[in-house]
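By the count of this note's numbering, the sequence shown reaches residue 500 at its end, each step adding exactly one. Cβ coordinates follow ideal geometry from the N, Cα and C atoms, glycine included. Owing to the predicted nature of the structure, the values given are computational and were not obtained by experimental measurement. Step one of this worksheet: look at the structure below.
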Amino acid sequence: MKISVFGTGYVGLVTGACLAEVGHDVICMDVDQNKIENLNNGILPIWEAGLEDIVNRNREDGRLQFTCDADIVVAHGLIQIIAVGTPPDEDGSADLQYVLSVAKTIAERMTEQRIIVDKSTVPVGTADKVKAEIHRTLQERGLHIPFSVVSNPEFLKEGAAINDFMKPDRIIIGTDSAEAEEMLRQLYEPFNRQHERTIFMDIRSAELSKYAANAMLATKISFMNELSNMAELLGADIEAVRKGMGSDPRIGYHFIYPGCGYGGSCFPKDVKALAKTAEQLGYDAVLLKSVESVNDQQKTRLFAKLTHYFGGTENLAGKTIALWGLSFKPNTDDMREAPSRTLMEALWQAGAHVKAFDPVAMKEAQRIYADETRLQLCEDKYSALNDCDALVICTEWQQFRAPDFDEIALRLNKKVIFDGRNLYSPERLASDGWDYYAMGRSQIAPAREAASTAVTSTAVASTVTTSKTA
Numbered sequence: 031m032k033i034s035v036f037g038t039g040y041v042g043l044v045t046g047a048c049l050a051e052v053g054h055d056v057i058c059m060d061v062d063q064n065k066i067e068n069l070n071n072g073i074l075p076i077w078e079a080g081l082e083d084i085v086n087r088n089r090e091d092g093r094l095q096f097t098c099d100a101d102i103v104v105a106h107g108l109i110q111i112i113a114v115g116t117p118p119d120e121d122g123s124a125d126l127q128y129v130l131s132v133a134k135t136i137a138e139r140m141t142e143q144r145i146i147v148d149k150s151t152v153p154v155g156t157a158d159k160v161k162a163e164i165h166r167t168l169q170e171r172g173l174h175i176p177f178s179v180v181s182n183p184e185f186l187k188e189g190a191a192i193n194d195f196m197k198p199d200r201i202i203i204g205t206d207s208a209e210a211e212e213m214l215r216q217l218y219e220p221f222n223r224q225h226e227r228t229i230f231m232d233i234r235s236a237e238l239s240k241y242a243a244n245a246m247l248a249t250k251i252s253f254m255n256e257l258s259n260m261a262e263l264l265g266a267d268i269e270a271v272r273k274g275m276g277s278d279p280r281i282g283y284h285f286i287y288p289g290c291g292y293g294g295s296c297f298p299k300d301v302k303a304l305a306k307t308a309e310q311l312g313y314d315a316v317l318l319k320s321v322e323s324v325n326d327q328q329k330t331r332l333f334a335k336l337t338h339y340f341g342g343t344e345n346l347a348g349k350t351i352a353l354w355g356l357s358f359k360p361n362t363d364d365m366r367e368a369p370s371r372t373l374m375e376a377l378w379q380a381g382a383h384v385k386a387f388d389p390v391a392m393k394e395a396q397r398i399y400a401d402e403t404r405l406q407l408c409e410d411k412y413s414a415l416n417d418c419d420a421l422v423i424c425t426e427w428q429q430f431r432a433p434d435f436d437e438i439a440l441r442l443n444k445k446v447i448f449d450g451r452n453l454y455s456p457e458r459l460a461s462d463g464w465d466y467y468a469m470g471r472s473q474i475a476p477a478r479e480a481a482s483t484a485v486t487s488t489a490v491a492s493t494v495t496t497s498k499t500a
């Protein structure tokens, strides 16, 4: 099938590449000429495991093309996939200007039937707006050309997007057209060989499904983080609690890992957008607002622990903190809304310096903080420790899970670790003389001295204020 894809960001590029991988003839378009030139030279705008190989292989085989020419793209495929960004507007709602701009672009150029597929994450009712934009533009052209609009939300996890697309849990399609339904069945037939994964529903339900899924996952994370903060005050170990909870098959182990907060391009944006939709409907979505509030506060917890340990914010001035992990999660270079950013910016405001390492997000950090003289990006995880006053872990990359603690101790000024992802055994580190502060874990006094892990409510409240100012 001939497929046109608008947008070569995370969703568009993965979608186009994977559809080409199974044999479809795909053209991807972007208005960014530099990005298109890079793609045509094998240079990708994002890092995603396995994506570069698939893109370049299919480009070389002629099944995947990249262009800035909208005329070529609209003329190419019966199916036109919209996969452009929907960034949060100032009020938290999803900004649909790019989606509607693509709809207008298609309507201005189409000369025969087209099926327009919304794959961008969009609020309920967006398909109606896309239909209205296309209908209005066709009227202005004095043409009556049949078209249909379909909702087909993506469910791709950053770091596992290729596998998610090639072996999906579900393929949700919202449509009111029998013909569009049949064409989408054909499009996704290669992904349904073993069993049917496609779920057809009405358009509005499909649009809501994406937001509902992401909001649910974000809720589980915030719930566990809330419990982890209580566990610290109660002297309990949240990791033991997690295992007790997860053993209940009604709950399970997925997304109940406590940490230093969620980030990325999806959860923060989608929770805000869904809450804004509720507000526009006159409904007070208390739970959704609480999920966001808990996450915002959780991102300040590591800084609160550092402040408490060093005896106040003023004592962080002149300190150098080692940071392992910059991306919001492993296996991606995405630093959007990452907890590492909240921490670093709070440290800089307090007068501290940061030496950081991340396996793949170093270029992204350099791009974001190009003018930040208090940040030093290091070539490996151990060199980031040299002459630092503490180690903080923000991202649970595999290479951080079993480090050489003797090497860490030699390089740090003090044997202290603040673990935002609960990677290590408190008992082992305490027996080796470490001060170890994790999330929601019982503090064990190190062999050399007693230490307390509990962060007072006063310190947390002060930190939240400091972070917001930052």
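(message) Using the Cβ count rule (16 or more neighbours within 10 Å means buried), how would you classify E51?
(response) buried
(message) Taking the beta carbon of M246 as the centre, do at least 16 other beta carbons fall within 10 Å, making it buried, or is it exposed?
(response) exposed
(request) Could you spell out the range, first to last residue, of the alpha helix (DSSP H) harbouring G274? (result) 268–276
(request) Have a look at Q428 and V422 and give me their C-alpha separation to the nearest angstrom. (result) 16 Å
(request) In angstroms with no decimal places, state the Cα-to-Cα distance between V271 and I145. (result) 49 Å
(request) Take the Cβ of T141 as the centre, count every other Cβ of all protein chains shown within 10 Å, and call the residue buried at 16 or more, exposed below. (result) exposed
(request) Go ahead and pull the three-state DSSP assignment for R144. (result) strand
(message) Rounded to the nearest angstrom, what separates F185 and K240 at their Cα positions?
(response) 7 Å
(message) For Y454, count the other beta carbons within 10 Å of its own beta carbon; 16 or more makes it buried, fewer makes it exposed. Which is it?
(response) buried
(message) For W378 and F430, which I take to be in contact (beta-carbon distance under 8 Å), what is that distance rounded to the nearest angstrom?
(response) About 23 Å; that fails the 8 Å criterion.
(request) Taking I286 as the reference, give the member of F230, K32, S258, A382 with the closest Cα. (result) S258
(message) Could you give the first and the last residue of the continuous beta strand (DSSP E) run that contains S181?
(response) Unbroken beta strand (DSSP E) run through S181: 177–181.
(message) Given a cut-off of 7 Å on the beta-carbon distance, is the pair Y218 and T228 in contact?
(response) yes
(request) Output the residue ranges of the beta strand (DSSP E) runs that lie fully inside the stretch 349–392 and measure 3 residues or longer, sorted by chain position. (result) 350–354, 383–387
(request) Round the Cβ separation of I192 and L81 to the nearest angstrom and send it over; I've been treating them as touching at under 8 Å. (result) 6 Å
(request) If I'm right that R366 touches G293 with Cβ under 8 Å, what's the distance once you round it to whole angstroms? (result) Sure, about 6 Å apart at Cβ, within 8 Å.
(message) For T495 and T425, what's the separation of their Cα atoms in angstroms?
(response) Bear in mind that the predicted position of T495 carries a pLDDT of just 44, short of 50, making it too unreliable to give a figure here.
(message) According to DSSP, simplified to helix, strand and coil, what is V35?
(response) strand
(message) My parser needs the beta strand (DSSP E) runs of 3 or more residues fully inside the stretch 82–107; what are they?
(response) 94–97
(request) Please name the residue or residues paired with G53 in a DSSP beta bridge. (result) DSSP output for G53 lists no bridge partner at all.
(message) Checking 7 Å against the spacing of the C-beta atoms, do M374 and V384 come in under that value?
(response) yes
(request) Grab me the residues of L214's own chain with a C-beta within less than 6 Å of its C-beta, minus the 5 sequence neighbours each way, in chain order. (result) Within its own chain, the residues whose Cβ lies closer than 6 Å to the Cβ of L214, once the five positions on either side in sequence are excluded, are I203, listed in chain order.
(request) Pull up the distance between the alpha-carbon of K299 and that of S252, whole angstroms please. (result) 15 Å
(request) Note down, in chain order, each residue of its chain lying with its Cβ closer than 6 Å to the Cβ of Q110, except the 5 sequence neighbours on either side. (result) S34, I136, R144, I146
(request) Tell me, to the nearest whole angstrom, how far the beta carbon of S178 is from that of S207; I am working on the premise that it is less than 8 Å. (result) 4 Å
(message) Taking the alpha-carbon of G37 as reference, which of K445, K65, R404, R89 has the nearest alpha-carbon?
(response) K65
(request) Per DSSP, which residues does Q110 bridge with? Please list them. (result) S34, I146
(request) Report the rounded CA-to-CA distance for L74 versus V390, giving the unit in angstroms. (result) 14 Å
(message) So, with DSSP's three-state summary, where would you put Q224?
(response) coil
(request) Would you give the residue range spanned by the beta strand (DSSP E) that I76 belongs to? (result) Run containing I76: none; DSSP gives neither H nor E here.
(request) Name the one or two DSSP bridge partners that D449 has. (result) I423
(message) I want to know whether the stretch 344–351 touches the stretch 307–320 - three or more CB-CB distances under 8 Å.
(response) The answer is no - the stretch 307–320 does not touch the stretch 344–351, with fewer than three Cβ pairs under 8 Å.
(request) Taking the CB atoms as reference points, tell me whether L336 and D388 lie closer together than 7 Å. (result) It is not a contact, given that the beta carbons lie outside the stated cut-off.
(request) Tell me, please, whether the stretch 463–478 touches the stretch 441–451 by the rule of three or more beta-carbon pairs shorter than 8 Å. (result) yes
(request) Decide if Y283 is buried, meaning its Cβ has at least 16 other Cβ atoms within 10 Å, or exposed. (result) The residue is exposed, with fewer than 16 neighbouring Cβ atoms inside 10 Å.
(request) State the Cα-Cα distance for the pair I201 and D434, rounded to the nearest angstrom. (result) 44 Å
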